[in-house]
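Visitor: My structure is below; once you've seen it, I'll send some questions.
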Amino acid sequence: MGSRSDWETMRHAVEVLGRLGIPHEARVVSAHRTPERLFDYARAARGRGLQVLIAGAGGAAHLPGMAAAMTPLPVLGVPVESHALKGMDSLLSIAQMPGGIPVGTLAIGKAGAINAGLLAAAILALADPALAARLDDWRAAQTAGVPDLPADA
Ligand code: RP5
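Mapping the sequence shown onto UniProt numbering, position 102 (from 1) lands on 102, and the numbers just tick up by one.
In structure tokens:
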């Protein structure tokens, strides 16, 4: 994530990864304030054995696109809700990548962070049957947890 201030959003991705038993790490890496840290992190990611990057940032959110430019790994972008423009700035700056360097962009805020975790899990599950089974169980539990009625009778 681009800042510690993004953690309140990005912790939801981390919670999903933890719940599904996926090894992960969380780091603050800013495209603007720590560009060399971003370069080092993205360039080393594949060699360190990372398989998917989730990049969350707000405002002029260059982080996911810059990360995607420097690694062949799939990069999932989470637009963090900004104060001034409610995350529309984040969404557009993450989603509107020029053809050639993709960022898989999720929804603004908490829902996007949760879904980034789930989408990362689905990508990893393609080559991990045990994780695929855990993801199936998670989805079945979610389905079972949806009540029929809108309120208690
Ligand atoms: C971005 O600027 C970060 O991703 C964050 O969403 C936003 C504001 O950062 P702070 O000023 O709160 O550190 O780079």
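Glycine residues also receive a C-beta, built at the ideal position from the N, C-alpha and C atoms.
So what's G65 in DSSP terms, helix, strand or just coil?
Guide: Start at 1 with the first residue of the sequence shown, and residue 65 comes out as number 65. DSSP places G65 in helix when its eight states are reduced to three.
Visitor: State the Cα-Cα distance for the pair A140 and V146, rounded to the nearest angstrom.
Guide: For the purposes of this step, residue 140 is taken as residue 140 along the sequence shown, with counting starting at 1. For the purposes of this step, residue 146 is taken as residue 146 along the sequence shown, with counting starting at 1. If you take the alpha carbons of A140 and V146, they lie about 10 Å apart.
Visitor: Would the stretch 125-135 count as touching the stretch 86-103 if we require 3 or more Cβ pairs under 8 Å?
Guide: No, they do not touch.
Visitor: Please check the pair M10 and F39, which I expect to be a contact at CB under 8 Å, by giving their CB distance rounded to whole angstroms.
Guide: Here residue 10 corresponds to residue number 10 of the sequence shown, with the count starting at 1. Here residue 39 corresponds to residue number 39 of the sequence shown, with the count starting at 1. 21 Å between Cβ atoms; not a contact.
Visitor: Taking 6 Å as the line, does the beta carbon of S3 fall inside it for any heavy atom of ligand 1?
Guide: Counting from one through the sequence shown, the residue named residue 3 turns up at place 3. Yes - ligand 1 has a heavy atom lying nearer than 6 Å to the Cβ of S3.
Visitor: Jot down the residue ranges of each uninterrupted beta strand (DSSP E) in the stretch 68-105, minimum 3 residues, whole runs only, in chain order.
Guide: List check, beta strand (DSSP E) in window: 75-80.
Visitor: Anyone know if the C-beta pair for L73 and A45 falls short of 7 Å?
Guide: For the purposes of this step, residue 73 is identified with residue 73 of the sequence shown, where counting begins at 1. For the purposes of this step, residue 45 is identified with residue 45 of the sequence shown, where counting begins at 1. Yes. Within cutoff.
Visitor: Can you grab the Cα-Cα spacing for the pair A125 / G18, in whole Å?
Guide: Looking up residue 125 in the sequence shown gives position 125. Looking up residue 18 in the sequence shown gives position 18. Approximately 15 Å between the Cα atoms of the pair.
Visitor: In chain order, what residues of the same chain lie with their CB nearer than 7 Å to the CB of P64, ignoring the 5 residues before and after it?
Guide: As a working mapping, residue 64 is identified with position 64 in the sequence shown. If we look at P64 and ignore the five residues flanking it on each side, its Cβ neighbours are A55, A57, V75, G77, I94 and V103.
Visitor: Using 7 Å as the threshold, is the C-beta distance between A67 and A42 below it?
Guide: Position 67 of the sequence shown, counted from the start, is the residue given in the question as residue 67. Position 42 of the sequence shown, counted from the start, is the residue given in the question as residue 42. The answer is yes: Cβ separation under 7 Å.
Visitor: Pull up the DSSP beta-bridge partners for L149, would you.
Guide: In the sequence shown, counting from the first residue as 1, residue 149 sits at position 149. None, per the DSSP bridge assignment.
Visitor: Between the alpha carbons of V28 and G99, how many angstroms are there, rounded?
Guide: Along the sequence shown, one-based indexing puts residue 28 at 28. Along the sequence shown, one-based indexing puts residue 99 at 99. Spanning the two alpha carbons is a distance of roughly 27 Å.
Visitor: For ligand 1, I want to know if A55 counts as a neighbour, meaning its beta carbon is within less than 6 Å of at least one of the ligand's heavy atoms.
Guide: Position 55 of the sequence shown, counting from 1, holds the residue named residue 55. Checking every heavy atom of ligand 1 against the Cβ of A55, none is found closer than 6 Å.
Visitor: If I follow the unbroken alpha helix (DSSP H) through A26, where does it start and stop?
Guide: By 1-based counting over the sequence shown, the position of residue 26 is 26. Taken as a continuous stretch (DSSP letters only), A26 belongs to no alpha helix (DSSP H), as it is neither H nor E.
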